[in-house]
Amino acid sequence: MGSDRRSGKYGAPVIEEKWAKLINISDKFVFNGERMDSLGGIAMFVQVADSGSFSATGRLLGLSSSAVGKSVARMEARLGARLFQRSTRHLALTAEGEKFLQRCKRILAEVEAAERELSEASSGPSGRLRISLPRYSGLFEPAIGAFMQAYPAIELDLDFSDAMVNLVSDGFDAAVRTGELADSSLMRRKLCTFRRLLVASPAYLARHGGPADGAALLRHARLDYRFPATGRLEPWPLMDALAQPASGMVCNSVEMRVFLALQGQGIAYLPAFAVQRELAAGQLVSLLDAHTQARTAFWLLWPASSHLPPRLRVFIDFLVAQLQDQTFGARPSSESSPPAA
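Per the numbering used here, the sequence shown runs over residues 1369 to 1709.
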């Protein structure tokens, strides 16, 4: 989840004052007759991993380096595994230490989330949410604006990108994306669906005619889209993606392709929500509609957690309520049967 914590050399959070208080708690937990490390011991281990030094951790916490080293040694003895490789000048995590660090980070994140949840329960949702959204923002603008009016105490940090993001390591609380879910550790809810439409301007069709099939489509100027993550061109209906010749223009911008289509520069394959106003106004015409019926879903994704912050919960519920069950492009606003090319 996103937070305001700074990250160190291993991606671990630098311990803030509230975690420093945990470190001062003595180890008092007992399980099956054995002394267990407290949250303080876990927090100290994470801080050592972050700073790469017993002495640096000691200076930060007002402890001696030997006290820090003994705390880590007790943890290693209990676990029966070495967490750090030590030398006179170097301290590095072992493979076991790397695995244990990830678990400890999740424990501290859960404690922090529980603390926020209790705090927000009495005062209402507040705080900061960092959200990754597709570069084309037009579909989400009304919902985001309505959310800000409904929850003024929640600060939104919106990042618009079509690139794949790692929610945890990139510091996002949630993301909106299309396609299949590749990361099984993420939760998701469906927002809406949309069609992609083949569109061109009346002026372009008057000059070149409209394609009647895939073979004719190959002969037209195309305004293609390149996926940022893979570098591949977006496949078009009725056309073999491997056999598509180079088009007149390729870019990774919805807005630019809408603009060029309006200027009569070629045929574009665009999300219906991006051109619904232009279709309604007759500035663009949809083509070969019988072959563009496939639906694509937008999903809202967030990291799985047993303690979902109230501000994220209300954001999820609000966005779903605003967009759920909508299908953009279910009935094209303007259809045409232009003369075949």
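Built from N, CA and C at the ideal position, the CB exists for glycine as well.
S1673 is the residue among A1518, S1673 and Q1692 whose C-alpha sits nearest the C-alpha of A1481. Taking a cut-off of 8 Å for Cβ pairs, the region 1654-1668 and the region 1452-1467 do not touch, as fewer than three such pairs fall below it. Rounded to whole angstroms, G1616 and G1539 show a C-alpha spacing of 38 Å.
With at least 16 other beta carbons inside 10 angstroms of its own, G1408 counts as buried. Burial state of Q1692 is exposed, judged by a 10 Å Cβ sphere holding fewer than 16 other Cβ atoms.
Within the model, the alpha-carbon separation for R1600 versus K1473 is close to 36 Å. Judged by their CB atoms, M1412 and T1425 are nearer to each other than the 8 Å cut-off. Judged by beta-carbon spacing, G1634 lies beyond the 8 Å limit of A1571, meaning their Cβ atoms are not closer than that value.
Beta-bridge partners assigned by DSSP to W1670: M1555. Look at G1578 here: in three-state DSSP terms it is strand.
Listed in chain order, the non-local C-beta contacts of M1516 below 7 Å within the same chain comprise L1524, local neighbours out to five positions each way being set aside. Using a Cβ distance threshold of 8 Å, L1669 and L1554 count as a contacting pair. Comparing alpha-carbon positions, the option among A1417, R1450, A1435 and Q1644 lying closest to L1469 turns out to be A1417. Counting every other CB atom within 10 Å of its CB across the protein chains shown gives S1439 a total of 16 or more, marking it as buried. A Cβ-Cβ distance of about 33 Å is found for the pair A1521 and S1552, leaving them out of contact under the 8 Å criterion. Exposed is the label assigned to G1430, since fewer than 16 other Cβ atoms lie within 10 Å of its Cβ. The beta carbon of L1680 sits closer than 8 Å to those of M1369, L1497, D1541, A1542 and W1670, all from its chain and outside the five residues before and after it, given in chain order. The residue from A1477, A1460 and Q1651 with its alpha-carbon nearest to that of S1537 is A1477.
Given a length threshold of 4 residues, each whole run of the alpha helix (DSSP H) inside the region 1469-1522 is given here in chain order: 1509-1518. Here the alpha carbon of S1529 sits roughly 27 Å from the alpha carbon of G1632. Secondary structure note for Q1453: its beta strand (DSSP E) is the uninterrupted segment F1452 to R1454. Only residues of its own chain outside the window of five on either side were considered, and among them none has a CB closer than 6 Å to the CB of G1547.
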